[in-house]
Structures are given as C-alpha cells and as structure tokens.
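Chemist: Just so we're on the same page, the numbering used here is the position in the sequence shown counted from 1, plus 66.
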Amino acid sequence: MALPAPQGRRSSMFTRLLRHGFTDPSAAGRLLDTPEFSSVREDSVLLEALGGTADPDLALLGLARLVEAVGTDAHQELLSTLAAAKPLRDRLLGVMGASEALADHLARHPDDWRSLATYESVDLHPTTPEFEQALAEGIWGERGEGRSRADALRVAYRRCLLGIVARDVCGTTDVAEAAAELADLATATIRAALQISYEEAPGDAAVSRLAVIGMGKCGARELNYVSDVDVIFVAEGKEGVDEAKALQAATRLASRMMRLCSDVTAEGTIWPVDANLRPEGRNGPLVRTLSSHLAYYQRWAKTWEFQALLKARPMAGDLDLGQAYVDALSPMVWQAAERENFVVDVRQMRRRVVENIPADRVERELKLGPGGLRDVEFAVQLLQLVHGRMDPTLRSASTLDALAALAAGGYVGRQDAAALDTAYRFLRSLEHRIQLFRMRRTHLMPEEETDLRRLARSLGLFTEPVDTLRKEWKWHAREVRRLHEKLFYRPLLDAVAHLEPGEARLSAKAAGHRLEALGYADPIAALRHLEALASGVTRKAAIQRTLLPVLLAWFADSADPDAGLLNFRKVSDALGKTPWYLRLLRDEGAAAENLARVLSAGRLAPDLLLRAPEAVALLGATDGLKPRSRSALEQEVLAAVGRADGAESAVAVARGVRRRELFRTAAADVIGAYGTEGKPAEADHGHAIDAVGSAVSDLNAATLAGALRAAVREQWGDTLPTRFAVIGMGRFGGHELSYGSDADVLFVHEPREGADEQEAAKAAQAIANEMRRLLQLPSADPPLLIDADLRPEGRSGPLVRTLASYAAYYRRWSLVWEAQALLRAEPVAGEADLGRRFIDLVDPLRYPAEGLGDDAVREIRRLKARMESERLPRGADPTTHAKLGRGGLSDVEWTVQLFQMRHGWEIPGLRTTRTREALAAAHAAELIATEDAQTLDEAWVLAARVRNAVMLVRGRPGDTFPVDGRELAAVGRYLGYEEGHVGDMLDDYRRITRRARGVVEELFYEG
C-alpha cells in the first residue's frame, strides 16, 4: 500500500505548477503522481518545457495519454528521450500544448511521436518532394499495410502535419514559411490522392491527361491549417482518344481524388477539395478542356474570376498541361483592369464580402471583417491587377511577396508596406493558432477566457496574456483599416509632391491607371488637383497629404469621384488660409468623412457650400447637422432683418440664413443616405423624407417672415395699416417641401380698426408684391419663388384678399378643387391670430359636415382623370414620373385627400395637412386595409425621395430619373443601390408604384 505524499512536498509541487503556468495544478499533480511519471516527476527541465507551451495543462494531459498509449514497454524510452533531447521535448510538448486534435492523433497512433525525434537538416524546411516521399512511405510502404488507401493517406498526412506544427510552434519557421509548407503538403496530398485514383481506375488514367490547378491560398502557397483546397481541373484526351470519352474519364478521376481527401473515414477527413472557382461554378462541368476554359474566359468571365486566377499554379497530374493552362490564361489576367466594368466589379466584390458577415460576428471576424485579412489581400490583388499589366515584377501569387514587390516598385509606400506586412503576419498567425487547437475551419476570435489565454501564449504573450492579446489584435486591425485605403492613395500624392528624392514612386502613367481603376473618369485632372493640394513644404500641404488618402477613398466610393475631388479643391482654395479649416478636418474624424460624402454626392450641396464655404464647420459640430426649429430660425432671421439697412439688404441676410440651412439639411440628408464608418445609412426612409420636408418648410417659413418684416419696415415702419398673414398651401402647408419646390401661398389681410379699407388693400397688395420681388432678386443665394396661383379665381383674381372677401368667395363661388386644395392650408408667417381665423373659416369647407356628396366625389375623380391625361409632360414615361406618373405622389395624395374630405368631419386624425399622417389616421380608423396603407406609404416615400435625389444630384428640380449615366448612378446611390444596379432601382420603382396604382384604382376610383 502506497503511503500518501507529505503535505509539504505536495504543496511545493502545487506552487511549482502554478508558477509554470498550470491553471489546474491539482489535476496536473495527480497526473504526475502516477507511476508512469515517476522517473521524471521532479524533472525541472520537463516542468520548464511544459510551462513554455501554449497550454501546460493540455500538454501534460496529452503527454499522459501518449505515455499510456505507447504501452508499458515503450513509455520509459519516450520519457527518457523526452528528458534528454531538447528538440523532441520542445516539439512534442509544443504540439500537444497548442493542438488538442493532434494530441488525439498521437494517442491513436503513438509511434508517430518518433517522427518528431529526428532533426536532420532536411526536416527544417521540407518541400513538396519530401512530403511526397513521406506520404508514399505511409501509403504504399510498410506503415500503410493493413489500412485502406484513404485511411493510410489520412494517417500519413497528419504525421507530416506534426512536423509542420512542431516547427511552427517552436519558431523554427515563421507564419509565411508554415503556410508554404502547408500548401506543399496539400500539393503532395493531392498528388497522392490522384495516384490512388489512377491505381483504382487504370483505364481512365490511360485515356486522359488530367491537370489539377491550385487556386486560392493553396495556389499561392499561403495555406491555412484548416482550409478548403481550391482547385480547377483541365483535361485533354490522349492521342487518338475521343474528347468526350476522355473528359468522362478525367471527371471520374477528379471526383474520386476529391472524395479521397474530403470523405470522412475511420481516420477522419483531411480537408474539402473545392472546385467551385471553375467556369460557371457549381453549375458548370467539373472538368473542361483547355480550349473550353479559354472560350469561357474570353466571353463570359467576370472580374472576380480573373482576380482568382492571380493565384493559379499547376499543382498535380499532368504538369505540362497545367502550365499550358496558366500560360494561356495569364495574359487575360493582366488585361482585366481594362475591362469596362472593372471598377464597379471590384467595389461590389468587397462590399458583398462585408455585407455577408452576420452582424453578431463582424467584430470577431479575423478574415472578412473590417481590418481583417481580406482587406490586405484584396488591396494587394487590386494593385497587382492595375499595375501588373505594365510591370511583370508584380505578378506574384503570394500576398506578402506581392506586397514587397509593390513597395520595391514605388506602387505603395515602403513604410506602409512594412506596417501592413507586420499586421498581416500577426493576423495570419492568430488565424493559424485558432484553427490548430481543434483542427477546425474558423476565422472567429474565441470568446472564452481559457481559449484566449492559450491563444495568447501560443504567440509568445505570457504576461497578462488575454489583455495583451486583445490589445495587439485591435491595434493590428486598426493598422490594417488605416493602411488599407492609404495603400491606394498615398503613392499618388508622392507621385505629385516629389518630396523624397531617390525614392521609387509612381510614374504619371501608373498614377493615371490607378485613378482610373479606382473610379476617376479624368485621371489627368485628378492628378492636377492633387498636385495643387499636396505639393510644397508648407504646413497646409503637409496636412493635406495626411487627409487626402482617406478623402480620396471616400470620393472613390461615390458615384462621381472627380466632382468630389474638384469640389474639395475649391473649398480648400476658399478656406485654405483660415486656421480652423484643415484642423477641423484633421482632428474631427466625422467632419472629413461628412465633407467627402457631401462633395461627391451631387451638385446641390457643394454649390450651397461653395457660396459660403465657412458652413463646412457644421459638418464637425456635435449637433451641426440637426435641423433647427422654426421658432429658432425665425428669431435669427428677424433679428438679422432688424439690424440691416434697407429691405434688400435685410432679405439678402435672410436668404443667406436660408442657404446655410438648406446646406445643413442637404448635408444631413446625403450623409444619412450614404451612411458613414461610424453610423450606417438611415434605414427608416419615411423618417428621412419627413425630416427634409419639415426642415425645408420651416426655413422657408422663417425666410418669408423675414421678407415680410423687411417689406413692412421699409415703407410703414413697425405697423402696417392692415393685419397681414401668409397661408402655406400645397407641400408648403403640408410640411412636405422638397429642395426644389416653390412656396405655394395665399395672402390674407384685415384692415386695422379705423384704417381706410382702400389704403389697407393697397398696402397689403404692395407688401405681397414686394415680398415676391425681394425673394427673387439676383443673388448668389438660391431664390425662393412664391406661387399664389391657388388663390380664388387663380391668376385672374386679386393677389391679396381680406378675410371677409375670402369668406364671401368661398360661400358663393368655391369649387370642389378649391376645397381640396385647402386641405393643405396652414399659416406660415404674419399675424398668428389672423392665420388661425382663416383656418377656422376654411375648416367647414375642407371637412364638410356629413362628408362629400356623390356629385362632389364624381367631380374630384373627373378632375384627377383629366389631370392624368393632360398634365403629364409630353414624352415623359408614366411609369417613372415621380409626381404625375402611375402610383406617384399625385395618385397617393388625391386618394388620401378624398378620404379626408369624406371622413374628416368625424375623424379628428384626418384633419392634418400632412399626407402620411392622414394616411396613418385613415388606416387607424379602418378606412384603409393595412397592406393597402403600407403600399401607398411606400410608394409616396419612394417618389418623394426620387424628387429629392434628382435635385441633390443635378442641382435643379426634376420629377423623372436622369438620363445621364453618372447622374442616374448618383440617384441610385442616394436611394441605396450600389453601382451597377440602376436597372434594379428602376425595376423596383416601377414595381412599387404599380402596386400603389392598383390600390388607387380600388380606393379612389372604386374600380
């Protein structure tokens, strides 16, 4: 019977285990107390080695399982060799401390530990021939006896993998060398599997030449531990063999080879062989002839397929045929940047990758997330495609080799390339170690503390491992994000600034090619702007060189990069000498991105900004883009009018305020539609359109108030002989103005007590005319056009009426269309009490007691039908006209207004000037079904957004989509459609408005 160990010794061992990094020293102590470990229990060298592994507990448990598996006779040999031979000790314990999966393999195949004991020079950096030899011995040699070929292949593969992992975790190889070894092992494995296929089907092998082309990371010799091995198959018949028969045979061989690698057997699986990069993907034949491949790439291939071919290399099978494939397709790869849709395709590829990441995983995604591996690979490949057509030195399949070549040729900055190389190596090491633990394909950072600790220690981070790992990972991800766009644009600035003599830099031609590839239509002009902005040794030029790489990327992400850069130069020329401008853009991160979005999204916002560039400060202020209330605007305008000399000067100031507020509104709208890095695009389009409508209506009302005050003060001082009010009509009264809308109004007055009625009427007429004149004076500020045609008798009637005159007219002569127009009436300026009394006057007219009679309903329908046939402009497409077209604004508004006039007298919610509010009230009152209400609302919001988008893009109002391609693309971007999808935008518009028209037919025409 064994006596218990003295408490002091156990306590001492417990402390030693803790000191060596064990997290469960009690369990570790129990393992070491077993008889098998008696010879090494107190061996400090062994404990030291265990403590240096990624997970000492896991390493000791793996060692205990291996000792048990080798058996009584051999375990002493294992332990004594382990104690005496440092190379074996470091390798074996390092593997078991980092990989639970390989510890399992060693427990199943205990003799494989001996493969780590040899330490010949050839073991330091084996290549494909050495792996082929090792696999052949494991499959066809003595070690493969008694196993199926598939199982023997798996066991031999993992035996080779042990060596790669051992060299990796011990630091004998770096991450790039380990990735190359993994690719070489994959190559040897594919060759062995193909040989087995030949062995099993000699008849198929006899009639066909089959080449396996390595693609992706395997083709580039930068493979992960667990990754699909991407391949493409190309085949030819042997001499005298029918092509169809040869292809069938090659397809059988290829299919069997794939299954040999990917099927799950008693020894598990190796990895999937993925042939989906072939022409037509899964829908295409698995194997094609070389001529068939060429025909496809010449006629049908997309940009991403040429990008994928950057990694192609002959890998297995008939290597001469494989090389012929690469040689034939290589010229097409280097012409891809000249393809018509190259820029659009490249942007879409990157966005598609990011958009496909689930939101809950994006922050943990090492490969595809922001600042991830794909950012580096994508940037390098794009630069290769752009410049590799002229410079053969860039035609490398390896990411890191290509990055070094780009730096050597001046295509990227040397410091940027070095920083990106470091970040990429760290992220790849992280990815390798995560996959290594259970040999599972994943690119997600773990969340458990235990996993993070093991991961950190595997990378050599032993002090506060978890916190240090998180900091390093975030830092490197930030570096990649920072350098990703800078990689494209910094060399462009170096090319024009010429600040560092002797440094390799882009030629003008290469810079032009790059700008074209990034979406700039006029690279010569763009380079001229860059030279003007960034040349010189002034502080201003230095700050510009810091800002421009990021700004150029944001411009390139828009529909019109050239306009963005040109507008930025204009703003910079206007504000460059002010001390705060560049400091704002440099120090306030949001300001620079906001400015880039605004300057490249169309003409309206830049035009407004260039008339008063100091408004750029709004883009960096905390609440700079938040719309101001009507009362605040009116207070500012009236105060400014009070300080001005003369009516024209006063209204000029008021119009200046309006211009600034129009810019604020347009900028907020554009930024909300595009989104920024810190805030996604506005998802609630109804809220966005309501915000614009309210903001423009409020600032127009404040401007009218200022014009009214200026006109009165100029001739009558503080008091007019008559009370005067302005009533907003149409979209103005409905708080639904778009950027290009006129201000529809009615003017109403009421003589003051004791005032002469004729004098009062003359004064009111003069005020109305003066307001219109003042607001249309030639100026750098946009005019505010006042339209009073909705007044009684239209243009034939008096411009201004008394309240009593309105009452008399409406009582005797009012037509149903005038009552309908009054649904939007709301006071916007002047005497508030008079405005309220006007509303009291018209309420019974617009919301008639007991609703509309049948004759009135028929008249409204007749008027609507007549408008549809007569008012649509000649040649306009009725399916896409936002105002008067099928299912557009007019259709929805007339339908809602009919409900208001029929039921407003009994349903208070319908008594509103706003279309969407009235529609919601009709739905709440169950007058309109839920689906119908949603259909009408969606169509109205979309049509309103189209009108706003056209004005933002073209700088002038319009109710139809632009014809110009760039303008149409910019409208699409505003509406949320990526480049190349304007067809989808028009289809969606027609579909949504067609459904709305169906609802209108049913509800308005009761058809």
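Think of the CB as a built atom: it goes at the ideal place given N, C-alpha and C, for glycine as much as any other residue. Source: prediction; values computed, not measured.
Can you tell me whether DSSP reads Asp623 as helix, strand or coil?
Modeler: Taking the sequence shown and counting its residues from 1, the one referred to as residue 623 is at position 557. Three-state result, Asp623: coil.
Chemist: Out of Leu770, Phe965 and Glu108, which has the shortest C-alpha to C-alpha gap to Ala718?
Modeler: Residue numbering aside, residue 718 sits at position 652 when the sequence shown is read from its first letter. The candidate whose alpha carbon is nearest that of Ala718 is Leu770.
Chemist: Measure the alpha-carbon distance for Ala173 versus Asp393 and round it to whole angstroms.
Modeler: For the purposes of this step, residue 173 is taken as the residue at position 107 of the sequence shown. For the purposes of this step, residue 393 is taken as the residue at position 327 of the sequence shown. Taking the straight line from one Cα to the other gives about 46 Å.
Chemist: Identify which residue in Arg867, Gly794 and Ala854 has its Cα closest to the Cα of Ala827.
Modeler: Counting from 1 along the sequence shown, the entry for residue 827 is found at position 761. The shortest Cα separation from Ala827 among Arg867, Gly794 and Ala854 belongs to Arg867.
Chemist: Count the C-beta pairs between the stretch 799–810 and the stretch 903–923 that are closer than 8 Å, then say yes if the count reaches three, no if not.
Modeler: No, they do not touch.
Chemist: Sorted by chain position, which residues of the same chain lie with C-beta nearer than 8 Å to Gly1024's C-beta, five sequence neighbours on each side aside?
Modeler: In the sequence shown, residue 1024 corresponds to position 958, counting from 1. For Gly1024, where only same-chain residues beyond five positions count, the Cβ hits under 8 Å are Gly806, Arg1013, Val1016 and Met1017.
Chemist: If you drop the 5 nearest sequence neighbours on each side, which residues of the same chain put their C-beta closer than 6 Å to that of Phe372?
Modeler: As a first step, residue 372 must be located in the sequence shown, where it is residue number 306. Hits under 6 Å: Val399 and Ala402.
Chemist: How long is the line joining the alpha carbons of Phe528 and Leu518, rounded to whole angstroms?
Modeler: On the sequence shown, position 462 is the one that residue 528 refers to. On the sequence shown, position 452 is the one that residue 518 refers to. For Phe528 and Leu518, the distance between alpha carbons rounds to 12 Å.
Chemist: Report all residues from its chain with a CB closer than 6 Å to the CB of Leu631; omit the five preceding and five following residues, and keep chain order.
Modeler: Taking the sequence shown and counting its residues from 1, the one referred to as residue 631 is at position 565. Closer than 6 Å at Cβ, skipping near neighbours: Ala592, His595 and Phe621.
Chemist: Can you list, in chain order, the residues of its chain whose CB lies under 8 Å from that of Asp308, leaving out five sequence neighbours each side?
Modeler: Taking the sequence shown and counting its residues from 1, the one referred to as residue 308 is at position 242. Correct list: empty, nothing qualifies.
Chemist: With a cut-off of 8 Å on the beta carbons, I'd call Asp123 and Ala94 a contact; round off their distance for me.
Modeler: Looking up residue 123 in the sequence shown gives position 57. Looking up residue 94 in the sequence shown gives position 28. Going by Cβ atoms, the distance from Asp123 to Ala94 rounds to 6 Å, so yes, they are a contact pair.
Chemist: Since His579 contacts Val452 with CB under 8 Å, what's their CB separation in whole angstroms?
Modeler: Position 513 of the sequence shown holds residue 579. Position 386 of the sequence shown holds residue 452. The Cβ separation is near 6 Å, so the contact holds.
Chemist: In its own chain, which residues sit with a C-beta less than 7 Å from the C-beta of Arg903, not counting the 5 before and 5 after it?
Modeler: Within the sequence shown, residue 903 is the residue found at index 837, counting from 1. Cβ neighbours of Arg903 beyond the five flanking positions: Leu869.
Chemist: Measure the C-alpha to C-alpha separation of Val106 and Ala522 and round it to an integer number of angstroms.
Modeler: As a first step, residue 106 is located in the sequence shown; it is residue number 40 there, counting from the start. As a first step, residue 522 is located in the sequence shown; it is residue number 456 there, counting from the start. Rounded to whole angstroms, Val106 to Ala522 spans 28 Å at the Cα level.
Chemist: Quick check on Val292: does DSSP put it in helix, strand or coil?
Modeler: Residue 292 sits at position 226 when you count from the first residue of the sequence shown. Val292 falls in the coil class under three-state DSSP.
Chemist: Take Thr979 and list the residues in its own chain whose beta-carbon comes closer than 6 Å to its own, dropping the five residues that flank it on each side.
Modeler: Residue numbering aside, residue 979 sits at position 913 when the sequence shown is read from its first letter. Excluding residues within five positions, the ones whose Cβ falls inside 6 Å are Gly799, Gly800, Arg890 and Glu892.
Chemist: Looking only at DSSP bridge pairs, what is Val866 linked to?
Modeler: To locate residue 866, count along the sequence shown from 1; it is residue 800. DSSP, once it has assigned bridges, lists Phe813 as partnering Val866.
Chemist: Straight-line CA distance for Arg180 to Ser104?
Modeler: Mapped onto the sequence shown, residue 180 falls at position 114. Mapped onto the sequence shown, residue 104 falls at position 38. Computed Cα separation, rounded: 22 Å.
Chemist: Mind checking whether Asp626 and Ser601 have CB atoms under 8 Å apart?
Modeler: Within the sequence shown, residue 626 is the residue found at index 560, counting from 1. Within the sequence shown, residue 601 is the residue found at index 535, counting from 1. Their beta carbons are not under 8 Å apart, which means Asp626 does not touch Ser601 by this criterion.
Chemist: What does Arg1039 pair with, by DSSP beta-bridge criteria?
Modeler: Residue mapping note: residue 1039 aligns to position 973 of the sequence shown, counting from 1. The partner list for Arg1039 (beta bridge, DSSP) is empty, contrary to what the question assumes.
Chemist: Using C-beta distances below 7 Å, list every residue in its chain close to Arg275, excluding the 5 sequence neighbours before and after it, in chain order.
Modeler: What you label residue 275 is simply residue 209 of the sequence shown in a count that begins at 1. Only Ala301, Glu302, Lys304, Asp384 and Leu387 meet the Cβ criterion.
Chemist: Please list, in chain order, all residues of the same chain as Leu774 whose beta carbon is under 8 Å from its beta carbon, the five residues on each side excluded.
Modeler: As a position in the sequence shown, residue 774 is number 708, starting the count at 1. The answer, listed in chain order, is Phe790, Val792, Ile833, Met837, Ala895 and Gly896.
Chemist: With a Cβ-Cβ cutoff of 8 Å, do Lys433 and Ala286 count as a contact?
Modeler: Position 367 of the sequence shown, counted from the first residue, corresponds to residue 433. Position 220 of the sequence shown, counted from the first residue, corresponds to residue 286. Cβ distance not < 8 Å, so Lys433 and Ala286 don't count as in contact.
Chemist: Have a look at Arg35 and Gly1049 and give me their C-alpha separation to the nearest angstrom.
Modeler: Beyond the ends of the chain as shown, which are 67 and 1073, falls residue 35; an answer cannot be given.
Chemist: Could you say which of Arg952, Tyr913, Ser956 and Asp943 lies nearest to Phe965 if we only look at CA atoms?
Modeler: Working through the sequence shown from its first residue, we reach residue 965 at position 899. Of the candidates Arg952, Tyr913, Ser956 and Asp943, the one whose C-alpha sits nearest the C-alpha of Phe965 is Tyr913.
Chemist: Look at the Cβ atom of Leu289, then the Cβ atom of Gly229, and state whether they are nearer than 8 Å.
Modeler: By 1-based counting over the sequence shown, the position of residue 289 is 223. By 1-based counting over the sequence shown, the position of residue 229 is 163. Contact flag unset, no.
Chemist: Just tell me which of Ala683, Asn660 and Val814 has its CA closest to the CA of Tyr740.
Modeler: One-based indexing of the sequence shown puts residue 740 at position 674. Of the listed residues, the one whose Cα sits closest to Tyr740 is Asn660.
Chemist: Output the distance between the C-alpha atoms of Thr49 and Arg213, rounded to the nearest integer angstrom.
Modeler: Any property of residue 49 remains undetermined from this structure, which presents the chain solely from 67 to 1073.
Chemist: Mind checking whether Val295 and Asp340 have CB atoms under 8 Å apart?
Modeler: Here residue 295 refers to the residue found at position 229 of the sequence shown. Here residue 340 refers to the residue found at position 274 of the sequence shown. Result yes, Cβ atoms of Val295 and Asp340 sit closer than 8 Å.
Chemist: Below 8 Å, can you find three or more Cβ-Cβ pairs linking the stretch 676–695 to the stretch 639–651?
Modeler: Enough Cβ pairs lie closer than 8 Å, so yes.
Chemist: Give the secondary structure of Ile609 by DSSP, where H, G and I count as helix, E and B as strand, and everything else as coil.
Modeler: Numbered from its first residue, the sequence shown carries residue 609 at position 543. Ile609: helix per DSSP, three-state reduction.
Chemist: What does the alpha-carbon distance come out to for the pair Ala382 and Leu260?
Modeler: Along the sequence shown, one-based indexing puts residue 382 at 316. Along the sequence shown, one-based indexing puts residue 260 at 194. Ala382 and Leu260: Cα-Cα distance of roughly 8 Å.
Chemist: With DSSP collapsed to three states, give me the class of Pro436.
Modeler: For the purposes of this step, residue 436 is taken as the residue at position 370 of the sequence shown. In the structure shown, Pro436 sits in coil (DSSP, three-state: anything other than H, G, I, E or B).
Chemist: Taking Pro848 as the reference, which of Tyr490, Arg725 and Gly280 has the closest Cα?
Modeler: On the sequence shown, position 782 is the one that residue 848 refers to. The candidate whose alpha carbon is nearest that of Pro848 is Arg725.
Chemist: Which value, in whole angstroms, describes the spacing of the CA atoms of Arg379 and Ile298?
Modeler: Position 313 of the sequence shown, counting from 1, holds the residue named residue 379. Position 232 of the sequence shown, counting from 1, holds the residue named residue 298. Approximately 10 Å, taken between the alpha carbons.
Chemist: Measure the C-alpha to C-alpha separation of Gly128 and Val412 and round it to an integer number of angstroms.
Modeler: The count along the sequence shown starts at 1 and reaches residue 128 at position 62. The count along the sequence shown starts at 1 and reaches residue 412 at position 346. C-alpha separation (whole angstroms): 47 Å.
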